[in-house]
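K.L.:
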Amino acid sequence: AQSVTQLDSQVPVFEEAPVELRCNYSSSVSVYLFWYVQYPNQGLQLLLKYLSGSTLVKGINGFEAEFNKSQTSFHLRKPSVHISDTAEYFCAVSKSNTGNQFYFGTGTSLTVIP
Amino acid sequence: KAGVTQTPRYLIKTRGQQVTLSCSPISGHRSVSWYQQTPGQGLQFLFEYFSETQRNKGNFPGRFSGRQFSNSRSEMNVSTLELGDSALYLCASSTDGVAPKNIQYFGAGTRLSVL
Chain F
1 AQSVTQLDSQ VPVFEEAPVE LRCNYSSSVS VYLFWYVQYP NQGLQLLLKY LSGSTLVKGI
61 NGFEAEFNKS QTSFHLRKPS VHISDTAEYF CAVSKSNTGN QFYFGTGTSL TVIP
Chain V
1001 KAGVTQTPRY LIKTRGQQVT LSCSPISGHR SVSWYQQTPG QGLQFLFEYF SETQRNKGNF
1061 PGRFSGRQFS NSRSEMNVST LELGDSALYL CASSTDGVAP KNIQYFGAGT RLSVL
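Just so you know, the sequences run in chain order F and V. At position 32 of the first sequence (counting the first as 1) the number is 32 in our numbering, and the numbers step up by one without a gap. At position 90 of the second sequence (counting the first as 1) the number is 1090 in our numbering, and the numbers step up by one without a gap.
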């Protein structure tokens, strides 16, 4: 079975400062990794995904994440945040290649302080 | 192209009632997945439908069921509602359903409140 742990439930950060949102997973088989963002009263939007290849993945809105197999982590980073980045961020894993069964973390609420 | 549409956006029901939620995927998408989102449990996978067949199922009781129609629209039904069923129910669609290469697009959700 897979599980996804997002270590920080809330992360406050000042505008233009860097941020890292942490995600660890456990799985006995290879996984695919995702980060989604959810703005208030909206559904989830894909930020980036890791399928294979380069461990550094770049996504939309200036976000990037690094897959670390030995540490089973997939931390999300942004070098300089904006007020508009205030949202809930979810890490997710999937191993299925026959369907869309995703396992999500409990989310990290990012608040950017002006 | 229209996104994933979920109706209704808000629902209020009482314990013991049943409810049906609807999801219209993006045109051309054949896979529809359903998730339950609560503050305590986060996002939990309910089930996935592909070409009118349930392909994956999460760990929810039989009170939660779904179906998919030939036009790929999907409905989710919850019978004998309990207070703990209060949640945001999200639907996601993707093209041929072969994860993970196909991106899942999420609707805005249906917020169900059980009184």
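Note that beta-carbon positions come from the ideal geometry of N, C-alpha and C, so glycine has one too. These numbers were taken from a predicted model, which means no experiment stands behind them.
What are the residues that DSSP puts in a beta bridge with alanine 92 (chain F)?
P.N.:
Looking up residue 92 (chain F) in the first sequence gives position 92. Answer by DSSP bridge pairing, in chain order: F:Phe34 and F:Phe104.
K.L.:
Establish whether the CB of threonine 106 (chain F) and some CB of chain V are separated by less than 8 Å.
P.N.:
As a working note, residue 106 (chain F) is residue 106 in the first sequence. Yes, threonine 106 (chain F) counts as interfacial toward chain V.
K.L.:
Using only alpha-carbon positions, find the residue among F:Ala17, F:Phe104, F:Asp85 and F:Thr55 that is nearest to phenylalanine 35 (chain F).
P.N.:
Mapped onto the first sequence, residue 35 (chain F) falls at position 35. Reading off the sequence shown, one finds tryptophan at residue 35 (chain F), where the question assumed phenylalanine. Comparing Cα-Cα distances from tryptophan 35 (chain F) to each of F:Ala17, F:Phe104, F:Asp85 and F:Thr55, the minimum goes to F:Phe104.
K.L.:
Name the chain C residues that come within less than 8 Å of leucine 1011 (chain V), Cβ to Cβ?
P.N.:
Structure shown: chain C not included; protein chains present are F and V.
K.L.:
Once you ignore the five residues that flank glycine 107 (chain F) on each side, which residues in its own chain have a CB closer than 7 Å to its CB?
P.N.:
Numbered from 1 along the first sequence, position 107 holds the residue referred to as residue 107 (chain F). Only Gln6, Glu88, Tyr89 and Phe90 meet the Cβ criterion.
K.L.:
For glycine 1107 (chain V), would you say it is in contact with chain F, using Cβ-to-Cβ distances shorter than 8 Å as the test?
P.N.:
One-based indexing of the second sequence puts residue 1107 (chain V) at position 107. Yes, glycine 1107 (chain V) lies at the interface with chain F (some Cβ there is under 8 Å from its Cβ).
K.L.:
Output needed for glutamate 20 (chain F): all residues of its chain with C-beta closer than 8 Å, excluding positions within five of it in sequence on either side, in chain order.
P.N.:
The sequence position of residue 20 (chain F) within the first sequence is 20, counting from 1. Contacts found: His75, Leu76 and Arg77.
K.L.:
Using a Cβ-Cβ distance cut-off of 8 Å, determine whether glutamate 1052 (chain V) contacts chain F.
P.N.:
The residue labelled residue 1052 (chain V) in the question sits at position 52 within the second sequence. No, no contact with chain F.
K.L.:
For glutamine 1104 (chain V), count neighbouring Cβ atoms within 10 angstroms of its own Cβ and tell me buried if that reaches 16, exposed if not.
P.N.:
As a position in the second sequence, residue 1104 (chain V) is number 104, starting the count at 1. Per the 10 Å Cβ criterion, buried.
K.L.:
Which residues, in order along the region 40-52 of chain F, keep a beta-carbon less than 8 Å from a beta-carbon of chain V?
P.N.:
Asn41, Gln42, Gly43, Leu44, Gln45, Leu46, Lys49 and Leu51
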